[in-house]
Amino acid sequence: MKQLKHHSTDVVVIGSGAAGLSLALSLANHCHVTVVSKGALKEGSTLYAQGGIAAVFDKKNDSIESHVDDTLAAGAGLCDREAVHYTASNAKNCLKWLIEQGVPFDMEFDSKGKERFHLTREGGHSHRRILHTADATGKAVQTTLVSQVLSHANIRVFEQYNAIDLITSKKSNKQVDGIYIYNRRAEQVETISAKFVALATGGASKVYLYTSNPDVSSGDGIAMAWRAGCRVANMEFNQFHPTSLYHPELQNFLITEAMRGEGALLKRPDGTRFMPDFDEREELAPRDVVARAIDYEMKRLGANCVYLDISHKDKDFIIEHFPTIYAKCLSVGLDITKEAIPVVPAAHYTCGGVITDFNGTTDLHNLYAVGEVAYTGLHGANRMASNSLLECIVFAHAAAKDILTKIQAMPIPPSLPEWDDSRVSNSDEEVVITHNWHELRLFMWDYVGIVRSTKRLERALRRVELLKQEIHEYYANFRVSNNLLELRNLVQVAELIIRSALERKESRGLHYTLDYPEHSDNPKPTILRPN
Numbered sequence: 001m002k003q004l005k006h007h008s009t010d011v012v013v014i015g016s017g018a019a020g021l022s023l024a025l026s027l028a029n030h031c032h033v034t035v036v037s038k039g040a041l042k043e044g045s046t047l048y049a050q051g052g053i054a055a056v057f058d059k060k061n062d063s064i065e066s067h068v069d070d071t072l073a074a075g076a077g078l079c080d081r082e083a084v085h086y087t088a089s090n091a092k093n094c095l096k097w098l099i100e101q102g103v104p105f106d107m108e109f110d111s112k113g114k115e116r117f118h119l120t121r122e123g124g125h126s127h128r129r130i131l132h133t134a135d136a137t138g139k140a141v142q143t144t145l146v147s148q149v150l151s152h153a154n155i156r157v158f159e160q161y162n163a164i165d166l167i168t169s170k171k172s173n174k175q176v177d178g179i180y181i182y183n184r185r186a187e188q189v190e191t192i193s194a195k196f197v198a199l200a201t202g203g204a205s206k207v208y209l210y211t212s213n214p215d216v217s218s219g220d221g222i223a224m225a226w227r228a229g230c231r232v233a234n235m236e237f238n239q240f241h242p243t244s245l246y247h248p249e250l251q252n253f254l255i256t257e258a259m260r261g262e263g264a265l266l267k268r269p270d271g272t273r274f275m276p277d278f279d280e281r282e283e284l285a286p287r288d289v290v291a292r293a294i295d296y297e298m299k300r301l302g303a304n305c306v307y308l309d310i311s312h313k314d315k316d317f318i319i320e321h322f323p324t325i326y327a328k329c330l331s332v333g334l335d336i337t338k339e340a341i342p343v344v345p346a347a348h349y350t351c352g353g354v355i356t357d358f359n360g361t362t363d364l365h366n367l368y369a370v371g372e373v374a375y376t377g378l379h380g381a382n383r384m385a386s387n388s389l390l391e392c393i394v395f396a397h398a399a400a401k402d403i404l405t406k407i408q409a410m411p412i413p414p415s416l417p418e419w420d421d422s423r424v425s426n427s428d429e430e431v432v433i434t435h436n437w438h439e440l441r442l443f444m445w446d447y448v449g450i451v452r453s454t455k456r457l458e459r460a461l462r463r464v465e466l467l468k469q470e471i472h473e474y475y476a477n478f479r480v481s482n483n484l485l486e487l488r489n490l491v492q493v494a495e496l497i498i499r500s501a502l503e504r505k506e507s508r509g510l511h512y513t514l515d516y517p518e519h520s521d522n523p524k525p526t527i528l529r530p531n
């Protein structure tokens with residue numbers, strides 16, 4: 001493998017979901033932007049987001065303070081109130097920006113025949129404040145933003161490229177000058193120098209055996225930032241979505257929380273409901289509560305799944321509100337208008353990440369982090385439904401505004417050090433990567449899942465330390481590949497999750513441990529610092 005290319009740009013955005021593309025579009029009228037996408041530009045978690053985006057459009061019945069209070073309640077005492085208020089206050093303007101870009105949110109007519117946005121409700125929300133496009137909001141957002149990006153003259157797109165590592169300045173390891181990227185088609189390493197680097201790589205749920213996330217969600221940005229010297233926070237809080245379809249032919253298919261918002265009921269295999277036994281909010285309790293309830297019932301009964309039933313609703317209502325889910329389930333012989341949907345929890349969202357301020361700036365000069373990769377303080381110990389895409393747009397706009405105040409005065413970075421692969425060879429043991437990948441995701445599911453214990457976490461830590469050493473040796477001796485780069489990052493992120501979980505001597509939100517089942521009186525974010 002030979003390094004053949006060096007690229008230069010004003011801002012390089014690593015990631016092509018809602019956060020990355022919104023940031024690129026917010027910058028592109030004023031500077032040159034390069035977007036690096038690991039897969040196709042349209043791929044990523046945004047594409048699969050079903051529910052919607054939260055914002056207060058019904059001022060008569062709702063308020064920003066209510067949105068703030070709901071988020072704080074869902075976050076189980078660990079949200080940063082200032083971050084929550086900042087996000088909720090900027091929500092409506094950011095949604096208007098998406099509408100201007102062309103996102104077709106669902107509309108309805110009020111009693112006077114006036115058209116307005118159709119607002120739905122999801123778990124944790126006290127009011128209907130979710131703008132959506134049927135049950136495929138993420139697809140509508142992603143498709144719209146991709147179209148705008150591809151038509152903008154100042155945005156260059158690199159598809160099928162893995163980000164490898166950040167390149168810090170020769171003068172100071174606290175400043176980022178660019179990044180190494182792996183061209184998957186040419187199988188070569190290239191470099192990009194930039195005045196600013198922005199991580200918008202999403203989360204790390206692929207570290208678990210069962211996940212709603214696409215294959216690209218391997219924690220790349222978190223791992224790269226950590227290796228470069230950034231702090232991370234709250235990595236123990238990985239959200240498990242309560243309702244992922246349990247079917248061998250449709251793995252990783254999510255059943256949106258909006259279905260429970262529209263009246264779907266969770267039932268045991270015998271058809272009886274169980275959520276009233278766990279929480280007064282029943283099916284509309286926050287995700288951590290619902291996921292633990294499902295996990296408990298499955299283990300108690302020895303059941304492979306539980307069931308989500310909306311068949312008591314009118315058939316036309318179901319098909320109109322959930323066309324994607326209806327069609328997908330029907331493709332495997334499951335008619336949700338007549339029968340209940342088999343569901344299990346699945347790793348869904350990384351609530352922690354790289355520590356940033358409200359402008360998206362990190363511990364390193366010229367490095368930003370936006371979206372699921374970042375820790376802003378918004379989510380606390382549990383993310384409330386439909387705040388994730390919102391966070392992407394709000395902080396993308398904030399980061400763009402901050403970058404544009406600095407970009408004219410920022411000099412072009414000096415030449416970057418070349419990638420040296422002169423002492424490595426091609427691997428003849430790719431099976432090692434496959435084996436380690438499976439081992440990692442299996443023990444993370446078994447030992448660091450919905451219910452934890454100190455013994456399980458310590459067992460996981462011993463295993464991840466061995467894997468990390470083995471992968472480091474492998475990385476040092478063989479040429480890089482997509483699978484090796486992802487595994488390297490996943491192992492690093494797994495270690496951060498485990499160490500964070502061991503630090504928290506209580507149960508709170510998404511972190512539930514048998515050894516410390518109670519809340520502590522003075523909870524604080526878990527912050528890890530690189531050595």
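If you count by the numbering used here, then the sequence shown holds residues 1 to 531, one letter each, in order.
All C-beta atoms, glycine included, are put in the ideal place defined by N, C-alpha and C.
This one's a predicted model, so the numbers in the text were calculated from it and none came from an experiment.
Range covered by the beta strand (DSSP E) that runs through residue i
{"i": "ILE355", "result": "353-355"}
{"i": "VAL33", "result": "33-37"}
{"i": "THR243", "result": "238-245"}
{"i": "ARG287", "result": "Premise fails: ARG287 lies in the alpha helix (DSSP H), 287-301, not in any beta strand (DSSP E)."}
{"i": "GLU429", "result": "Here GLU429 belongs to no beta strand (DSSP E), and DSSP marks it neither H nor E."}
{"i": "LEU367", "result": "367-369"}
{"i": "ASP116", "result": "At residue 116 the sequence reads Arg, which differs from the Asp that was named. Element bounds for ARG116: 115-117."}
{"i": "VAL157", "result": "155-159"}
Candidates the options: closest to residue i by CA position
{"i": "ALA398", "options": "MET224, GLY360, ASP80, LYS171", "result": "GLY360"}
{"i": "PRO411", "options": "ALA163, ALA340, SER193, LEU98", "result": "SER193"}
{"i": "VAL11", "options": "THR46, ARG287, ILE179, SER66", "result": "ILE179"}
{"i": "LYS406", "options": "ARG508, HIS7, ASP220, LEU27", "result": "LEU27"}
{"i": "THR417", "options": "LEU485, GLU100, LYS170, LEU145", "result": "Here residue 417 turns out to be Pro, not Thr, going by the sequence shown. It is LYS170."}
{"i": "TYR326", "options": "SER453, ILE336, TYR512", "result": "ILE336"}
{"i": "THR120", "options": "LEU266, ALA258, GLU486, LYS401", "result": "ALA258"}
{"i": "MET235", "options": "GLU506, ASN304, PRO530, ALA494", "result": "ALA494"}
{"i": "ALA285", "options": "ALA409, ILE403, HIS472, ALA385", "result": "ALA385"}
{"i": "GLU458", "options": "GLN148, LEU98, PHE443", "result": "PHE443"}
{"i": "GLU122", "options": "THR376, ILE53, VAL464", "result": "ILE53"}
{"i": "HIS312", "options": "ASN489, GLU473, LYS505, GLU339", "result": "GLU339"}
{"i": "GLY219", "options": "SER89, TYR86, GLY202", "result": "GLY202"}
Span separating the alpha-carbon of residue i from that of residue j
{"i": "ARG129", "j": "PRO242", "result": "21 Å"}
{"i": "ILE64", "j": "HIS125", "result": "12 Å"}
{"i": "THR133", "j": "SER37", "result": "25 Å"}
{"i": "GLN565", "j": "LEU47", "result": "Residue coverage of the chain in this structure runs from 1 to 531, which leaves residue 565 outside it and unanswerable."}
{"i": "PHE274", "j": "ARG268", "result": "7 Å"}
{"i": "GLY352", "j": "GLY113", "result": "44 Å"}
{"i": "ARG81", "j": "ALA374", "result": "17 Å"}
{"i": "LYS455", "j": "VAL464", "result": "14 Å"}
{"i": "LYS55", "j": "ASP62", "result": "The sequence shown places Ala at residue 55, not Lys. Their Cα atoms are separated by approximately 10 Å."}
{"i": "LYS468", "j": "GLN101", "result": "43 Å"}
Collapsed DSSP secondary structure at residue i in the structure displayed
{"i": "ILE310", "result": "coil"}
{"i": "SER16", "result": "coil"}
{"i": "GLY44", "result": "coil"}
{"i": "GLN50", "result": "coil"}
{"i": "ARG459", "result": "helix"}
{"i": "THR187", "result": "This sequence places Glu at residue 187; Thr is not what is there. If DSSP states are grouped into helix, strand and coil, GLU187 belongs with coil."}
{"i": "LYS171", "result": "coil"}
{"i": "PRO323", "result": "helix"}
{"i": "PRO345", "result": "strand"}
{"i": "ASP532", "result": "Shown here, the chain extends from 1 to 531; a query on residue 532 therefore has no answer."}
{"i": "SER193", "result": "strand"}
{"i": "TRP97", "result": "helix"}
{"i": "GLY509", "result": "coil"}
{"i": "TYR208", "result": "coil"}
{"i": "GLU280", "result": "coil"}
{"i": "ARG441", "result": "helix"}
Span of the alpha helix (DSSP H) around residue i
{"i": "LEU266", "result": "First-last for LEU266: 265-267, but that is the beta strand (DSSP E), not the alpha helix (DSSP H)."}
{"i": "MET224", "result": "220-228"}
{"i": "ARG260", "result": "258-261"}
{"i": "VAL394", "result": "388-406"}
{"i": "GLU108", "result": "From DSSP, GLU108 is part of no alpha helix (DSSP H) but of the beta strand (DSSP E) over 107-109."}
{"i": "GLU486", "result": "482-503"}
{"i": "VAL149", "result": "137-150"}
{"i": "ASP69", "result": "64-74"}
Residue i and residue j closer than 8 Å at C-beta
{"i": "MET298", "j": "VAL306", "result": "yes"}
{"i": "GLY371", "j": "LEU78", "result": "no"}
{"i": "LEU131", "j": "LEU95", "result": "yes"}
{"i": "LEU343", "j": "TYR246", "result": "Here residue 343 turns out to be Val, not Leu, going by the sequence shown. The answer is yes: Cβ separation under 8 Å."}
{"i": "VAL448", "j": "ILE498", "result": "yes"}
{"i": "VAL214", "j": "SER22", "result": "One point to set straight first is that residue 214 is Pro, not Val, in the sequence displayed. In this structure, SER22 does not lie closer than 8 Å to PRO214 by Cβ."}
Any non-hydrogen atom of the ligand MG closer than 7 Å to residue i Cβ
{"i": "VAL146", "result": "Among the components of this structure there are no ligands whatsoever, and the ligand MG is therefore not found."}
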